[in-house]
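K.L.:
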Amino acid sequence: MGDWLVDGLDRPANVYLGATSCDVILGNGLVSRHFRIAPNGATLDIINEMTGSSMIRGVKPEARVTIDGVEHDVGGLKGQVEYAYFSPAWIDTLDTDPAAFQLVDLAVGKVRARFPWKISRRATSTAWPPGGIELSFTYESSRVPGVVIIVHHELYDGMPLLCKWLEVTNAGQRRVTVDTFTSEILAMVETTSTPQGSSTKSSAAVLPLVHVESDYIFAAMSPSVGDVTTHWVKDPQYTSQVAYLSDNLVQLESAPPAGPGVTIEPGSSFETFRTWILFHDSTDRERRGLAQRRMYRTLAPWVTENPIFMHCITAEPARVKEVIDQCVAAGFEMAILSFGSGFPEIERWIDEPEFVSEFKELFDHAHSKGIEIGIYSLFSSRTISPEDDVVSPPGKPPTFGHAPCLQSTWGMKYIAAMKRFFEETGADFLEHDGPYPGDWCASTAHPGHLGLDDSQWRQWEAQASLYKWCKARGIYVNQPDWYFLSGGNKTGMGYKEVNWSLPRERQVIIGRQNIFDGTWEKAPSMGWMFTPLTVYHAHGDHWQESTIEPLSAHIDLYEAHIAQNFLAGVQSCYRGTRLYDTRETLEIVRKWVSIYKKHRDILESDIIHVRRPDGRHVDGFMHVNPRLPEKGLVALFNPLGEAVHVTIPIPVYYTGLSDIARVSEQDGPVATHPISRGYTIDLPVQIGPHGRTWFVIS
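First residue of the sequence shown: 14, per this note's numbering; consecutive thereafter.
Structure, rendered in structure tokens:
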């Protein structure tokens with residue numbers, strides 16, 4: 014079969030008939046979903062073809078939708094007598110539930126783009142939409158005349174990745190309300206059984222070989238923290254499970270935490286969020302992370318855009334022009350009028366012609382120099398007015414203490430002002446701080462939502478729509494939340510802001526730890542780092558020793574930051590008023606920008622975690638990409654105040670090499686290294702005090 018993470022085989026997705034004309038299979042050789050289409054539509058099996066294992070142990074409804082207060086199953090078959098396993102001999106004994114929505118049609122097509130993406134800058138992944146197959150099933154019910162539910166499935170070429178969502182159409186004569194829905198219901202095979210207590214807390218617990226994620230996600234820089242739609246629940250039909258109380262959480266459901274409470278007018282449709290299930294063939298953390306990173310490159314290829322940017326803390330045009338000139342000289346590609354720069358609140362000034370014209374002239378100047386430019390805007394964690402702020406229901410306070418409602422009068426004007434500013438000035442970049450974090454709003458006076466039930470959905474919809482609008486225009490989006498699947502480009506790598514007030518000497522290793530820890534589930538281009546050229550938070554007792562300025566006075570530490578960021582393929586927020594203050598400082602910056610651009614393809618490839626920084630030993634990581642001529646790049650760092658001479662085993666399996674590795678240190682002579690049966694090479698390394706080195710593998 015090969016290894017889909019290494020061999021690069023196509024493995025196209027397809028739809029084909031199974032054993033009978035009633036059996037339809039969606040598969041690509043890595044995963045397959047098996048459907049029965051009579052007497053009703055149902056999923057009979059999901060097979061992890063990489064392991065040969067069935068992932069489910071029984072038949073459930075394809076979905077569940079509550080319309081106008083009445084819950085309805087969509088598809089599914091009844092009559093399974095045992096839910097510990099599923100026997101093929103039972104298939105023909107299963108019958109439809111007459112109360113459920115019934116299958117009336119199916120259709121096959123190619124995967125469609127979820128929204129337009131204008132490619133405006135370099136990206137390592139540009140295929141959009143991704144290759145694959147969409148299989149759709151249409152359901153109707155005599156109990157709800159005029160309501161049509163389409164269950165959409167997608168399977169992608171070359172990946173063990175399924176997607177599912179619902180489309181509810183009102184073809185009747187009166188409005189209907191979708192109170193809530195569950196778009197995926199799977200009786201999963203448990204990986205751990207315990208008679209008592211939680212199986213997930215057992216010392217023998219094994220992670221499920223799936224990663225589940227939707228695009229309905231809030232207030233987090235990690236998909237697991239921000240996930241509000243993935244629910245592992247009890248299966249009341251699984252009465253023979255080993256747990257005495259039948260309370261193991263073995264049924265996987267995808268549903269919103271509440272709502273959406275959306276009203277559908279006659280002739281209109283409503284689409285749910287999308288749920289993706291990525292199937293793994295291993296519990297190995299690195300391998301699972303590589304698969305997850307491949308998923309993001311495929312579903313959100315804009316995350317592979319990775320411009321080199323500076324965070325400018327002034328918005329005064331003359332000083333910004335100086336920053337632009339420095340960006341040109343140093344090889345940077347983008348400037349951002351950052352928080353604290355004095356850049357005005359767009360929603361307050363958008364109707365002032367001088368405001369728009371001043372920044373259009375400034376942005377035109379940047380573009381004439383080949384530099385992209387953008388702005389910072391704060392949405393959440395602020396208060397506007399009693400009329401426009403969220404009205405929090407009991408027990409559901411705003412995430413950041415207070416917040417405007419994105420579907421209030423102010424919120425709707427805010428989004429309109431943002432769009433107008435970008436259209437009229439030609440800005441390239443939006444740094445959006447505190448995008449909508451999932452706050453509920455009980456107001457019945459806000460024009461964009463009816464009340465509490467639809468408030469989260471409508472605000473998320475508005476936020477996601479803004480980022481999708483940005484993608485259609487090639488606008489880059491930094492957002493400190495996991496909005497990647499809705500059009501976001503980059504989030505924080507994962508650091509504590511007040512740590513940039515620590516003594517500057519301590520920040521280097523801590524920063525490298527942040528990169529190491531933040532790239533298990535993110536590609537390097539998906540997370541930003543931070544470099545405090547000037548004062549950031551002024552927190553604690555050491556903030557006066559925290560900054561790099563004056564740059565030439567701390568040139569070694571400045572280079573340490575720049576080097577580890579670029580060797581990781583990670584862009585940092587170089588926050589200040591200049592990138593260099595002397596010719597020597599400029600040459601240091603140019604040196605690392607040049608190295609980065611020369612090896613950019615491999616440096617923006619996925620990271621293998623060699624050794625986490627601990628301040629005591631040589632640490633490092635390596636980039637791998639079997640599809641490039643440069644198949645690996647190893648970066649190693651010496652945290653000690655003395656030179657080190659060590660031999661380090663380097664894992665090269667994911668480079669695609671199997672016999673011989675050709676290794677060059679810092680673009681020097683090539684040495685040949687045999688690859689062991691465990692896919693490692695022994696790499697002799699000499700690094701000076703507090704130094705670094707790097708090797709290209711081909």
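All C-beta atoms in this analysis are idealised placements derived from N, C-alpha and C, irrespective of residue type, glycine included.
For His686, which three-state DSSP category applies?
P.N.:
Position 673 of the sequence shown, counted from the start, is the residue given in the question as residue 686. His686: strand per DSSP, three-state reduction.
K.L.:
Distance, Cα to Cα, Ala120 vs Val164?
P.N.:
For the purposes of this step, residue 120 is taken as the residue at position 107 of the sequence shown. For the purposes of this step, residue 164 is taken as the residue at position 151 of the sequence shown. Straight-line Cα distance between these residues: approximately 10 Å.
K.L.:
Taking the C-alpha atoms as reference points, what is the distance between Leu592 and Ile337?
P.N.:
Residue numbering aside, residue 592 sits at position 579 when the sequence shown is read from its first letter. Residue numbering aside, residue 337 sits at position 324 when the sequence shown is read from its first letter. Each residue's Cα considered, the two are about 10 Å apart.
K.L.:
Please name the residue in Leu90, Gly122, Glu62, Lys644 whose C-alpha comes closest to that of Asn27.
P.N.:
Taking the sequence shown and counting its residues from 1, the one referred to as residue 27 is at position 14. It is Gly122.
K.L.:
Under a Cβ-count criterion, where at least 16 other Cβ atoms within 10 Å of its own Cβ denotes burial, should Val583 be classed as buried or exposed?
P.N.:
The sequence position of residue 583 within the sequence shown is 570, counting from 1. Classification for Val583: buried.
K.L.:
Determine whether the beta carbon atoms of Gly589 and Leu653 lie at a separation below 7 Å.
P.N.:
Taking the first residue of the sequence shown as 1, we reach residue 589 at position 576. Taking the first residue of the sequence shown as 1, we reach residue 653 at position 640. No.
K.L.:
What are the start and end residues of the alpha helix (DSSP H) that includes Ala32?
P.N.:
The residue you call residue 32 lines up with position 19 of the sequence shown. Note, Ala32: premise wrong, no alpha helix (DSSP H); not H, not E.
K.L.:
Considering just the uninterrupted stretch of the beta strand (DSSP E) at Glu180, what are its terminal residues?
P.N.:
In the sequence shown, the residue the question calls residue 180 occupies position 167. Start and end: 174-183.
K.L.:
Quick check on Gly65: buried or exposed, where buried means 16 or more other Cβ atoms within 10 Å of its Cβ?
P.N.:
Here residue 65 refers to the residue found at position 52 when the sequence shown is read from its first residue. Exposed: under 16 other Cβ atoms inside 10 Å.
K.L.:
Between the segment 261-278 and the segment 452-466, do three or more beta carbon pairs fall short of 8 Å?
P.N.:
Yes: the two stretches touch, three or more of their Cβ pairs being nearer than 8 Å.
K.L.:
Could you check the C-alpha separation between Ala576 and His459 for me, to the nearest Å?
P.N.:
Taking the first residue of the sequence shown as 1, we reach residue 576 at position 563. Taking the first residue of the sequence shown as 1, we reach residue 459 at position 446. Approximately 50 Å, taken between the alpha carbons.
K.L.:
Using only the alpha-carbon positions, how far apart do Tyr98 and Val72 sit?
P.N.:
Within the sequence shown, numbered from 1, the residue matching residue 98 stands at position 85. Within the sequence shown, numbered from 1, the residue matching residue 72 stands at position 59. The alpha-carbon atoms of Tyr98 and Val72 are separated by roughly 10 Å.
K.L.:
Specify whether the segment 306-321 and the segment 528-543 touch according to this definition: at least 3 beta carbon pairs, one from each stretch, less than 8 Å apart.
P.N.:
As far as the Cβ criterion goes, the segment 306-321 touches the segment 528-543, which means the pair count is three or higher.
K.L.:
Please go through the same chain and pick out, in chain order, the residues whose beta-carbon is closer than 8 Å to the beta-carbon of Val698, but skip the five residues on each side of it.
P.N.:
Taking the sequence shown and counting its residues from 1, the one referred to as residue 698 is at position 685. Closer than 8 Å at the Cβ level, and outside the excluded window around Val698, lie Val631, Leu649, Val657, His658, Val659, Thr660, Ile661, Thr706.
K.L.:
For the alpha helix (DSSP H) that Gln469 lies in, which residues bound it at each end?
P.N.:
As a working note, residue 469 is residue 456 in the sequence shown. Run containing Gln469: 468-485, per the alpha helix (DSSP H) assignment.
K.L.:
Identify the residues that DSSP records as bridge partners of Val275: which are they?
P.N.:
Taking the first residue of the sequence shown as 1, we reach residue 275 at position 262. Per DSSP, Val191.
K.L.:
Measuring CB to CB, does Ile59 end up less than 7 Å from Arg46?
P.N.:
Counted from its first residue, the sequence shown places residue 59 at position 46. Counted from its first residue, the sequence shown places residue 46 at position 33. Taking 7 Å as the Cβ cut-off, Ile59 and Arg46 qualify as a contacting pair.
K.L.:
With burial defined as no fewer than 16 other Cβ atoms inside 10 Å of the residue's Cβ, what is the status of Gln476: buried or exposed?
P.N.:
Working through the sequence shown from its first residue, we reach residue 476 at position 463. Under this definition Gln476 is a buried residue.
K.L.:
Rounded to the nearest angstrom, what separates Gly704 and Ile522 at their Cα positions?
P.N.:
The count along the sequence shown starts at 1 and reaches residue 704 at position 691. The count along the sequence shown starts at 1 and reaches residue 522 at position 509. Each residue's Cα considered, the two are about 12 Å apart.
K.L.:
Rounding to the nearest angstrom, what Cα-Cα distance links Ile146 and Lys247 in this structure?
P.N.:
As a first step, residue 146 is located in the sequence shown; it is residue number 133 there, counting from the start. As a first step, residue 247 is located in the sequence shown; it is residue number 234 there, counting from the start. The alpha-carbon atoms of Ile146 and Lys247 are separated by roughly 32 Å.
K.L.:
So Leu175 packs on Leu168, CB below 8 Å; how close in whole Å?
P.N.:
On the sequence shown, position 162 is the one that residue 175 refers to. On the sequence shown, position 155 is the one that residue 168 refers to. So it is a contact: roughly 6 Å between Cβ atoms.
K.L.:
Mind reading off the beta-carbon distance from Arg134 to Pro320? Whole number of angstroms is fine, and I expect it under 8 Å.
P.N.:
In the sequence shown, counting from the first residue as 1, residue 134 sits at position 121. In the sequence shown, counting from the first residue as 1, residue 320 sits at position 307. Right, their Cβ atoms sit about 6 Å apart.
K.L.:
For Phe413, count neighbouring C-beta atoms within 10 Å of its own C-beta (all shown protein chains included) and say buried if the count is 16 or more, exposed if not.
P.N.:
Residue mapping note: residue 413 aligns to position 400 of the sequence shown, counting from 1. Per the 10 Å Cβ criterion, exposed.
K.L.:
Quick test of your reading: Asn183 and Leu116, contact by CB under 8 Å. State the CB separation rounded to the nearest angstrom.
P.N.:
If you number the sequence shown from 1, residue 183 lands on position 170. If you number the sequence shown from 1, residue 116 lands on position 103. Contact flag wrong, Cβ pair sits at about 19 Å.
K.L.:
Of the residues His550, Val606, His552, which one's Cα is nearest the Cα of His574?
P.N.:
Sequence index remark: in the sequence shown, residue 574 carries index 561 (1-based). Comparing Cα-Cα distances from His574 to each of His550, Val606, His552, the minimum goes to Val606.
K.L.:
Going straight from the alpha carbon of Ala126 to that of Asp228, what length do you get?
P.N.:
One-based indexing of the sequence shown puts residue 126 at position 113. One-based indexing of the sequence shown puts residue 228 at position 215. Near 14 Å, if we compare the C-alpha coordinates of Asp228 and Ala126.
K.L.:
Beta-carbon within less than 8 Å of Asn512's beta-carbon, same chain only, minus the 5 sequence neighbours each way: which residues are those?
P.N.:
By 1-based counting over the sequence shown, the position of residue 512 is 499. Hits under 8 Å: Gln520, Ile523.
K.L.:
So the alpha helix (DSSP H) Asn527 belongs to, where does it begin and stop?
P.N.:
As a position in the sequence shown, residue 527 is number 514, starting the count at 1. From DSSP, the alpha helix (DSSP H) with Asn527 extends over 517-531.
K.L.:
Ignore the nearest five residues each way along the sequence and tell me which others in Pro314's own chain have a CB closer than 7 Å to its CB.
P.N.:
For the purposes of this step, residue 314 is identified with residue 301 of the sequence shown, where counting begins at 1. Ala136, Ser138, Thr139, Ala140, Trp141, listed in sequence order.
K.L.:
Is it buried or exposed for Glu197, if we count other Cβ within 10 angstroms and need 16 for buried?
P.N.:
Against the sequence shown, residue 197 aligns to sequence position 184. Buried.
K.L.:
Between the beta-carbon of Glu474 and the beta-carbon of Ala430, is there less than 7 Å?
P.N.:
Start at 1 with the first residue of the sequence shown, and residue 474 comes out as number 461. Start at 1 with the first residue of the sequence shown, and residue 430 comes out as number 417. The answer is no: Cβ separation not under 7 Å.
K.L.:
In whole angstroms, what is the alpha-carbon distance linking His324 and Gly353?
P.N.:
The count along the sequence shown starts at 1 and reaches residue 324 at position 311. The count along the sequence shown starts at 1 and reaches residue 353 at position 340. In a straight line, the C-alpha of His324 is about 10 Å away from that of Gly353.
K.L.:
Report the three-state DSSP secondary structure of Ala576 (helix, strand or coil).
P.N.:
Counted from its first residue, the sequence shown places residue 576 at position 563. Helix at Ala576.
K.L.:
Starting from the N-terminal side, write out each stretch of the beta strand (DSSP E) that is 3 residues or longer and does not extend beyond the segment 334-391.
P.N.:
Listed in chain order, the complete beta strand (DSSP E) runs (minimum 3 residues) inside the segment 334-391 are 347-350, 385-391.
K.L.:
Using 8 Å as the threshold, is the segment 494-501 in touch with the segment 243-263, meaning 3 or more CB pairs across them?
P.N.:
Touching, no.
K.L.:
Whole angstroms is fine: what's the gap from Leu222's alpha carbon to Glu518's?
P.N.:
The residue given as residue 222 occupies position 209 in the sequence shown. The residue given as residue 518 occupies position 505 in the sequence shown. Cα-Cα distance, rounded: 41 Å.
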